[in-house]
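Colleague: Numbering (the working numbering), first residue to last: 229 to 657. Glycine included, every Cβ here is placed at the ideal spot set by N, Cα and C.
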Amino acid sequence: MLFRGARLIDPASNHRDRTDVLVEDEEVGGVGPGLSSARAEVIDCDGLVLAPGLVDLHAHLREPGFEHKETVESGSRAAAAGGFTAVCAMPNTDPVADNAAVVIEVRNLADKAGLCDVHPAGAITRGLQGETLTDIAEMAEHGVRLFTDDHNCVQSSRVMRLALEYAKAFEVVIAQHAQDASLSEGWQMHEGYYSSLLGLTGAPGEAESIVVARDLALARLTAGRLHVTHVSAADSVRLLRDGRERGIRVSADVTPHHLALTDGDLIGYDTSLRVNPPLRTSEDRDALRAALADGTLDAVATDHAPHAPEEKEQEFDQSPPGTIGLETALAVVLTELVGPGLIELPAAIERLSLGPARILGLDDQGGPVAPGRPANLVVFDPSTEWTVGDRPFQSQARNSAFTGRRLRGCVLHTMLRGRFTVKEGQPTR
Ligand SMILES: [Zn+2]
Ligand SMILES: [Zn+2]
Numbered sequence: 229m230l231f232r233g234a235r236l237i238d239p240a241s242n243h244r245d246r247t248d249v250l251v252e253d254e255e256v257g258g259v260g261p262g263l264s265s266a267r268a269e270v271i272d273c274d275g276l277v278l279a280p281g282l283v284d285l286h287a288h289l290r291e292p293g294f295e296h297k298e299t300v301e302s303g304s305r306a307a308a309a310g311g312f313t314a315v316c317a318m319p320n321t322d323p324v325a326d327n328a329a330v331v332i333e334v335r336n337l338a339d340k341a342g343l344c345d346v347h348p349a350g351a352i353t354r355g356l357q358g359e360t361l362t363d364i365a366e367m368a369e370h371g372v373r374l375f376t377d378d379h380n381c382v383q384s385s386r387v388m389r390l391a392l393e394y395a396k397a398f399e400v401v402i403a404q405h406a407q408d409a410s411l412s413e414g415w416q417m418h419e420g421y422y423s424s425l426l427g428l429t430g431a432p433g434e435a436e437s438i439v440v441a442r443d444l445a446l447a448r449l450t451a452g453r454l455h456v457t458h459v460s461a462a463d464s465v466r467l468l469r470d471g472r473e474r475g476i477r478v479s480a481d482v483t484p485h486h487l488a489l490t491d492g493d494l495i496g497y498d499t500s501l502r503v504n505p506p507l508r509t510s511e512d513r514d515a516l517r518a519a520l521a522d523g524t525l526d527a528v529a530t531d532h533a534p535h536a537p538e539e540k541e542q543e544f545d546q547s548p549p550g551t552i553g554l555e556t557a558l559a560v561v562l563t564e565l566v567g568p569g570l571i572e573l574p575a576a577i578e579r580l581s582l583g584p585a586r587i588l589g590l591d592d593q594g595g596p597v598a599p600g601r602p603a604n605l606v607v608f609d610p611s612t613e614w615t616v617g618d619r620p621f622q623s624q625a626r627n628s629a630f631t632g633r634r635l636r637g638c639v640l641h642t643m644l645r646g647r648f649t650v651k652e653g654q655p656t657r
């Protein structure tokens, strides 16, 4: 396979020019202008961008237990359609991924689907109950790199301290959904002008930043690796920046919806915009954008959260929080951040591929796109415009916060170890 004349954006090698990329079997065979191969199928990439396959640190694939929302196969297909070659699957399944057996089951389902590498995250505590640590050592032995009770923030400082001590011992990452339970009880949206206007119960940004401050203190105490997922508040960004400057081992991600939308968008009570953590103010959103550009936030992660239509069609306060995101992440970043010049394209690609690959410790993902490396690639058209929802989602779910919005940027080909998972915009299986 010869990708001819693509603009190669490869953060690991600092490449950002037009070139040819040859793929032989599972690997990149060559990179350079004017490549040729008698046997190769040539794919004209004039005007297109070629980059390392995208990596998502945070996706809910729902299987086992919630197959009416999504399966590993449909979630993998959505991931491939969005340009992803690896995703980290959240453990709040039924049964919970709090032991090696469930981790192995999810991995087997992903291997069978063959559309995207799936790296299951393990739970920090048994049953996500926040009390007793799981067997982190056993899951780490089975290759689990990231542990989280996502959705259920670990409230106990003692349990969080222990988890970070294990993280240090086994070189794994503890990812926190930072949310103080008592400050956010009964929340429906961000607390502020719009929650008063809409008559909905709010949770302040401090519900997040208080936990971020505590966890940074515990990461410093233990030297364990902390990751703060889906950062939403400007105060959390300030704390993370300060923590990094003090040498604390911390990384963080932000979702496309928190980068693009605000609490003011909830004015129509649209349940697809009810997400956890909630959309916050435009000042918060602007702080997140700046932090992604300056590297305080390492990664864009989707928090892809599929729900069945009847679940989201309830009253605002009854509908479960979450938006799907795998198929729109790249286009949202291109449209909302790269387009207006808030972040350079190579930096945006870095936050979607190499940055998250490093956090997960994946050395086969995120580039460099170089001879001998696994051919995990995405090719996209940066200028095509489309309306979200006009073509069917590959995800089983349809609860997208971006439905009806015009986005710029369209994935054409996704390649996993030299094999197309998406070709000409269509999944290959
Ligand atoms: Zn979460
Ligand atoms: Zn989540």
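Is the region 396–407 in contact with the region 449–464, if contact means three or more CB pairs nearer than 8 Å?
Modeller: Flag = yes, the region 396–407 and the region 449–464 touch.
Colleague: Does the Cβ of S460 have 16 or more other Cβ atoms within 10 Å, making it buried, or fewer, making it exposed?
Modeller: Per the 10 Å Cβ criterion, buried.
Colleague: Pairing CB atoms from the region 646–654 with CB atoms from the region 556–568, are three or more of them under 8 Å?
Modeller: These segments do not touch.
Colleague: Going by the beta-carbon positions, is the gap between C344 and A317 smaller than 8 Å?
Modeller: Cβ distance not < 8 Å, so C344 and A317 don't count as in contact.
Colleague: Where are the beta strand (DSSP E) runs, 3 residues long or more, that stay fully inside the region 457–523, in chain order?
Modeller: Counting whole runs of 3 or more residues, the region 457–523 contains the beta strand (DSSP E) stretches 478–482.
Colleague: Between which two residues does the alpha helix (DSSP H) holding F398 run?
Modeller: Element bounds for F398: S385 to F398.
Colleague: Can you list every residue whose CB sits closer than 5 Å to some heavy atom of ligand 3, going in chain order?
Modeller: No copy of ligand 3 appears in this structure; the ligands present are ligand 1 and ligand 2.
Colleague: Compute the distance between the beta-carbons of V597 and P280, then report whether it is under 8 Å.
Modeller: It is a contact, given that the beta carbons lie within the stated cut-off.
Colleague: What distance in whole Å lies between the Cβ atoms of S479 and D526, which are believed to be in contact at a cut-off of 8 Å?
Modeller: About 5 Å; that satisfies the 8 Å criterion.
Colleague: Could you check whether A625 and H535 sit closer than 8 Å to each other, using their CB atoms as the reference points?
Modeller: Going by C-beta atoms, H535 is nearer than 8 Å to A625.
Colleague: Counting C-beta neighbours from all protein chains within 10 Å, is the total for A397 16 or more, i.e. buried, or is it exposed?
Modeller: Exposed is the call here.
Colleague: Confirm the yes/no value for this check: CB of H458, any heavy atom of ligand 1, distance under 7 Å.
Modeller: Yes, ligand 1 has a heavy atom inside 7 Å of this Cβ.
Colleague: Could you please give me the residues that DSSP links to A351 through a beta bridge?
Modeller: A351 pairs with nothing; no bridge assigned.
Colleague: Residues in the same chain with beta-carbon distance under 7 Å from E555, minus the five sequence neighbours each way, listed in chain order, please.
Modeller: So the list reads A306, A309, G310, F621, Q622 and S623, once near-sequence residues are dropped.
Colleague: Leaving aside the five residues before and after H243 along the sequence, list all residues of the same chain whose C-beta is less than 6 Å from its C-beta, in chain order.
Modeller: Only L236 meet the Cβ criterion.
Colleague: DSSP puts T247 in a beta bridge; with which residues?
Modeller: A234.
Colleague: DSSP three-state label for A403, please.
Modeller: Residue state, collapsed to three classes: strand.
Colleague: Secondary structure at K651, three-state DSSP: helix, strand or coil?
Modeller: It is a strand residue.
Colleague: State the Cα-Cα distance for the pair A462 and A518, rounded to the nearest angstrom.
Modeller: Cα to Cα, the separation comes out at about 10 Å.
Colleague: Would you call the CB atoms of G358 and Q383 closer than 8 Å?
Modeller: Yes, Cβ-Cβ distance for G358 and Q383 is below 8 Å.
Colleague: For S423, which option in A341, L507, E436 and A365 has the closest C-alpha, if you only look at C-alpha atoms?
Modeller: Of A341, L507, E436 and A365, the residue nearest in Cα terms is L507.
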